[in-house]
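For the sequence shown, our numbering puts the final residue at 178, and the numbers step up evenly by one.
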Amino acid sequence: LAQRNPDAFLPYLAASLNNLGMMLSALGRREEALEATQEAVGHYRELAQKNPDAFLPDLAASLNNLGMMLSALGRREEALEATQEAVGHYRELAQKNPDAFLPYLAQSLGTYGWVLMGLERYDEAADAFEEGIRLLAPFYQRLPQAFVELMSALVRDYNKACRAAGRAPKS
């Protein structure tokens, strides 16, 4: 269907591939998950070039997923590229619509920090986690139950990165 009518069906194919990648990853089938997610990213790139308002959020999310998968496979430099790109897209989206996208930027900064930790770039990782905490704080204050898991993960990982970098965390 997507080959015959890409304008109508390519978004559904990309979403299905991204979901498939996440499911395969959860099942421990990492190589297959990576393949599906890479294909999803390719389709979302194409879609976002044509219609960024509609598809840039999906591209950013799939790049974030791709970064996690690459890092889990030990392909950390590639993971860094994917997560840096995801953070960049979320920054752009958050400038236009902060209420909708700052929490996603905070989450993506967490993934980026996690990848940096794997590369033993602890100071940079701590900075990424710290920025994520700062961006998420107003949302957490308004709706703590909605953001408690993400905030807890960012704070935990920030503290780990600070310890690894040999610096004291800010309170």
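Idealized CB from N, CA, C, for every residue including glycine.
Since the structure is predicted, the reported quantities are computational estimates derived from the model, not experimental observations.
Three-state secondary structure (DSSP) of residue i
i, result
"G173", "coil"
"R163", "helix"
"G49", "helix"
"R37", "helix"
"S32", "helix"
"L126", "coil"
"S115", "helix"
"N263", "Past the edges of the chain, shown from 8 to 178, lies residue 263, and the structure says nothing about it."
Pair within 8 Å by beta-carbon distance, residue i and residue j
i, j, result
"L143", "L123", "no"
"H96", "L66", "yes"
"E92", "L112", "no"
"A168", "Y119", "no"
"A40", "L24", "no"
"F154", "P105", "no"
"A55", "F62", "yes"
"H50", "L100", "no"
Cβ separation of residue i and residue j, assumed to be a contact under 8 Å, to the nearest whole Å
i, j, result
"L116", "V94", "6 Å"
"E137", "Y165", "6 Å"
"A172", "A133", "6 Å"
"A22", "L31", "Contact doesn't hold; Cβ gap of about 15 Å is too wide."
Boundaries (first-last residue) of the alpha helix (DSSP H) holding residue i
i, result
"E131", "Y129 to R149"
Proximity test, Cβ basis, 8 Å: residue i and chain D
i, result
"A175", "Of the protein chains in the structure, only one exists, and it is not chain D."
- Completely contained alpha helix (DSSP H) runs for the segment 65–112, where each covers 4 or more residues: DSSP assignment within the segment 65–112 yields the following whole alpha helix (DSSP H) runs of 4 residues or more, N-terminal first: 83–103.
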